[in-house]
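The structure appears right after this line, and notes come after that.
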Amino acid sequence: MNAYVLWKNREYGHADFQVRVQMSNLFSKRNCRVRRRRGIYAGEGLFPGTVLVSGQESLLETASTHVPNIFKQTEVKLGRVNKVFAATWFANDKIVMGTKCNKLLVLDVNKRDLITIPSLKSSLKANFVDQNCGIHAIRMNPSETLLATGAENPADVAVYRLPSFEPVTVGETGHCDWLFDMRWLDDEFLISGTFHYFFSLSLLARLQRKQYARMGVFCVVPYLTKCDGRSFQVVTSVSLNSYLHMLDLNTFQQVYLKKLDMQRFSECVCICYSPDDTMLCVGSRSRFTFFDSRSLDQQLDVRLNIGFVFDFIALMPSGVRSITWRGPLITLGMGSGEILFYDVRNCQFLSCSCHPSNTLRIRGGYLQEDDAYQEIFMNYFCYNAVYAHCYDPSGIRLFAAGGPIAASLYGNCASILQ
């Protein structure tokens with residue numbers, strides 16, 4: 042019985058599993074200080090009562106390392122929207138995504154229906170931003186009953202109720218600049234960041250009674266881009282000026298600041314935590330790097346072999362644009378439109394035998410041939426960057442989307458790999 046069938050049978054509840062937990066080293070070949078859980082499954086019912094696989098995490102690990110070889114890509118038509126910057130699965134067959142043109146879209150994977158969710162407007166007391174940068178973050182709370190994303194004013198937070206997308210509230214006055222990322226601390230509190238501020242936002246006790254809510258600013262952090270912190274004791278953010286910031290959520294004070302080498306860590310635009318929260322990984326233009334989540338000490342640095350030939354600086358593929366860590370597998374969305382898979386146990390990239398070049402590249406997409414394209418880019422090859430990607434709850438399907446790497450080009454690309 043292969044890993045895929047075993048995983049699906051477990052998902053459908055066809056076996057009664059019991060788990061025994063032990064510990065083992067994740068980076069066994071590099072002696073890095075990160076550990077993972079490992080369990081032993083035994084059960085009665087469909088499967089015999091012998092050891093089948095080595096635990097839930099091990100089952101996920103085994104399946105995830107083989108998934109890239111069986112991926113089949115299906116293009117998704119998004120119409121004439123501009124660059125998908127954020128996406129996440131909700132339920133088993135729906136994907137919600139945000140675009141640079143500030144549209145919130147819901148895709149039904151089975152029916153291929155695409156629905157536009159109206160953006161929530163802010164009150165007259167909000168800090169309005171002149172230029173719109175689109176939706177860069179979409180986050181569900183732990184119970185998956187609320188969804189937070191950007192409002193019509195890019196400095197404010199819009200909160201919807203799931204699965205109906207009924208408007209709940211708009212969090213405003215906490216930012217004076219574009220909203221770049223956010224994280225739920227629990228079902229009631231949300232922390233987010235822009236170029237200027239962190240803030241904490243109460244959602245249930247106060248905000249359900251108000252259409253608009255004032256957000257409290259607790260800590261100032263310059264040039265914030267992306268933040269993460271699943272243990273909810275600290276939040277770590279990475280900034281475009283190559284700094285790692287650590288914020289204590291108990292005191293809302295910055296407790297650690299680490300300066301990275303600007304030449305090596307240029308364009309740090311994505312960050313993720315390991316499943317056990319002991320490590321974090323930062324993606325940049327030429328590499329992705331592992332850090333200890335407590336001390337921020339560098340543990341492992343993986344340089345990308347970017348051998349692309351480009352004729353125009355605006356079309357240069359710019360390294361890692363999105364990153365996720367699931368089991369032992371790190372998935373990288375690249376500025377060149379490729380999706381790379383890195384096995385942290387063996388410290389090597391996985392090849393995709395389903396593709397002739399052993400790499401997976403998002404195909405198709407839409408490119409608007411406007412005046413900017415006709416005058417500047419018409420004679421050049423335009424890369425599509427993978428700005429967002431996300432796995433479904435089972436880890437078997439991957440949605441990847443983005444658009445042209447050049448900021449002045451208008452277009453999109455999206456695919457489902459399963």
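My numbering runs 41 ahead of the 1-based position in the sequence shown. For each residue, glycine too, the CB sits at the ideal point set by N, CA and C.
Can you tell me where the beta strand (DSSP E) with residue i in it begins and where it stops?
{"i": "His-430", "result": "425-432"}
{"i": "Thr-21", "result": "This structure does not reach residue 21, given that the chain is present from 42 up to 459, and the question cannot be answered."}
{"i": "Leu-321", "result": "320-324"}
{"i": "Arg-344", "result": "339-344"}
{"i": "Gly-191", "result": "187-191"}
{"i": "Ser-456", "result": "452-458"}
{"i": "Cys-313", "result": "311-314"}
{"i": "Gly-139", "result": "135-140"}
{"i": "Met-287", "result": "284-289"}
{"i": "Phe-206", "result": "Note, Phe-206: premise wrong, no beta strand (DSSP E); not H, not E."}
{"i": "Glu-416", "result": "From DSSP, Glu-416 is part of no beta strand (DSSP E); its letter is neither H nor E."}
{"i": "Lys-299", "result": "294-300"}
{"i": "Val-197", "result": "The identity of residue 197 in the sequence shown is Asp, whereas the question assumes Val. Where Asp-197 is concerned, there is no enclosing beta strand (DSSP E), given that its DSSP letter is neither H nor E."}
{"i": "Gln-389", "result": "389-391"}
{"i": "Ile-232", "result": "230-235"}
{"i": "Arg-328", "result": "328-333"}
Excluding the five sequence neighbours on either side, which residues of its own chain have a C-beta within less than 6 Å of the C-beta of residue i, listed in chain order?
{"i": "Gln-409", "result": "Tyr-451, Gly-452"}
{"i": "Arg-326", "result": "Ser-307, Glu-308, Ser-359, Gly-360"}
{"i": "Tyr-383", "result": "Ile-371, Phe-390"}
{"i": "Ala-246", "result": "Residue placement at Ala-246 cannot be trusted, given a pLDDT of 38 that sits under 50; what the coordinates show is reported in the next sentence. If we look at Ala-246 and ignore the five residues flanking it on each side, it has no Cβ neighbours."}
{"i": "Asn-182", "result": "Trp-225, Asp-228"}
{"i": "Asp-304", "result": "At residue 304 the sequence reads Gln, which differs from the Asp that was named. If we look at Gln-304 and ignore the five residues flanking it on each side, it has no Cβ neighbours."}
For residue i, I'd like the list of residues in its chain whose CB is within less than 8 Å of its CB, leaving aside the five on either flank, ordered along the chain.
{"i": "Gly-139", "result": "Val-125, Phe-126, Ala-127, Ala-128, Leu-145, Leu-146, Gly-175, Ile-176, His-177, Ala-178, Ile-179, Thr-190, Gly-191"}
{"i": "Lys-162", "result": "Ala-192, Glu-193, Asn-194, Val-211"}
{"i": "Arg-362", "result": "Val-310, Cys-311, Gly-324, Gly-374, Met-375, Gly-376, Ala-426, Val-427, Tyr-428, Gly-443"}
{"i": "Glu-207", "result": "Tyr-201"}
{"i": "Thr-365", "result": "Cys-313, Ile-371, Thr-372, His-430, Cys-431, Tyr-432"}
{"i": "Asp-154", "result": "Leu-148"}
{"i": "Ile-136", "result": "Ala-128, Thr-129, Trp-130, Val-147, Leu-148, Val-150, Cys-431, Phe-440"}
{"i": "Pro-434", "result": "Trp-130, Asn-133"}
{"i": "Gly-405", "result": "Glu-116, Cys-454, Ser-456"}
{"i": "Glu-185", "result": "Phe-131, Leu-203"}
Who pairs with residue i in a beta bridge, going by DSSP?
{"i": "Phe-221", "result": "Looking at the DSSP assignment, Phe-221 forms no beta bridge with any residue, so it has no partner."}
{"i": "Pro-183", "result": "Paired residue(s): none; Pro-183 is not in a bridge."}
{"i": "Thr-129", "result": "Val-137"}
{"i": "Trp-152", "result": "Trp is not the amino acid found at residue 152; the sequence shown has Lys there. Answer by DSSP bridge pairing: none, since Lys-152 is not bridged."}
{"i": "Glu-116", "result": "Ser-456"}
{"i": "Ala-448", "result": "DSSP output for Ala-448 lists no bridge partner at all."}
{"i": "Val-361", "result": "Met-375"}
{"i": "Gly-443", "result": "Cys-454"}
{"i": "Arg-402", "result": "Glu-379"}
{"i": "Asp-384", "result": "Leu-370, Gln-389"}
Given this structure, state the Cα-to-Cα distance separating residue i from residue j, to the nearest angstrom.
{"i": "Val-150", "j": "Asp-134", "result": "5 Å"}
{"i": "Tyr-407", "j": "Lys-113", "result": "20 Å"}
{"i": "Gly-376", "j": "Leu-298", "result": "28 Å"}
{"i": "Leu-148", "j": "Tyr-414", "result": "28 Å"}
{"i": "Gln-172", "j": "Cys-388", "result": "42 Å"}
{"i": "Ile-412", "j": "Pro-445", "result": "Checking the sequence shown, residue 412 turns out to be Asp, not Ile. So the alpha carbons of these two residues sit roughly 15 Å apart."}
{"i": "Val-279", "j": "His-286", "result": "6 Å"}
{"i": "Pro-204", "j": "Lys-152", "result": "17 Å"}
{"i": "Val-385", "j": "Thr-330", "result": "12 Å"}
{"i": "Arg-346", "j": "Glu-229", "result": "For the sequence presented, residue 346 should be read as Asn rather than Arg. Roughly 43 Å separates the two Cα atoms."}
{"i": "Asn-116", "j": "Leu-439", "result": "The question names Asn, but residue 116 is Glu in the sequence shown. If you take the alpha carbons of Glu-116 and Leu-439, they lie about 12 Å apart."}
{"i": "Gln-459", "j": "Phe-131", "result": "17 Å"}
{"i": "Asp-283", "j": "Lys-300", "result": "Note that residue 283 corresponds to Ser in the displayed sequence, not to Asp. If I take the Cα positions, the gap works out to 6 Å."}
{"i": "Met-419", "j": "Leu-119", "result": "23 Å"}
{"i": "Cys-423", "j": "Thr-292", "result": "46 Å"}
{"i": "Asn-123", "j": "Gly-436", "result": "27 Å"}
{"i": "Phe-221", "j": "Tyr-421", "result": "30 Å"}
{"i": "Ile-158", "j": "Asn-143", "result": "11 Å"}
{"i": "Arg-121", "j": "Val-198", "result": "25 Å"}
Exposed or buried, residue i, counting other C-beta atoms within 10 Å across all chains shown (16 or more means buried)?
{"i": "Gly-368", "result": "buried"}
{"i": "Val-296", "result": "exposed"}
{"i": "Ile-156", "result": "exposed"}
{"i": "Lys-141", "result": "buried"}
{"i": "Gln-294", "result": "exposed"}
{"i": "Thr-235", "result": "buried"}
{"i": "Asp-338", "result": "exposed"}
{"i": "Cys-454", "result": "buried"}
{"i": "Asp-342", "result": "exposed"}
{"i": "Asp-302", "result": "exposed"}
{"i": "Glu-213", "result": "buried"}
{"i": "Gly-257", "result": "Bear in mind that a pLDDT of 47 at Gly-257, under 50, signals an unreliable position, so the number given afterwards is only what the model happens to contain. Answer is exposed; the Cβ neighbour count stays below 16."}
{"i": "Gln-340", "result": "buried"}
{"i": "Ser-336", "result": "exposed"}
Given residue i, which residues of its chain have a CB within under 7 Å of its CB, disregarding the five upstream and five downstream residues?
{"i": "Arg-344", "result": "Ser-327, Arg-328"}
{"i": "Ile-457", "result": "Thr-115, Val-117, Val-150, Arg-438, Phe-440"}
Is any heavy atom of the ligand ADP found at a distance shorter than 8 Å from the C-beta of residue i?
{"i": "Asp-289", "result": "Absence of the ligand ADP is noted for the structure shown, with no ligands found whatsoever."}
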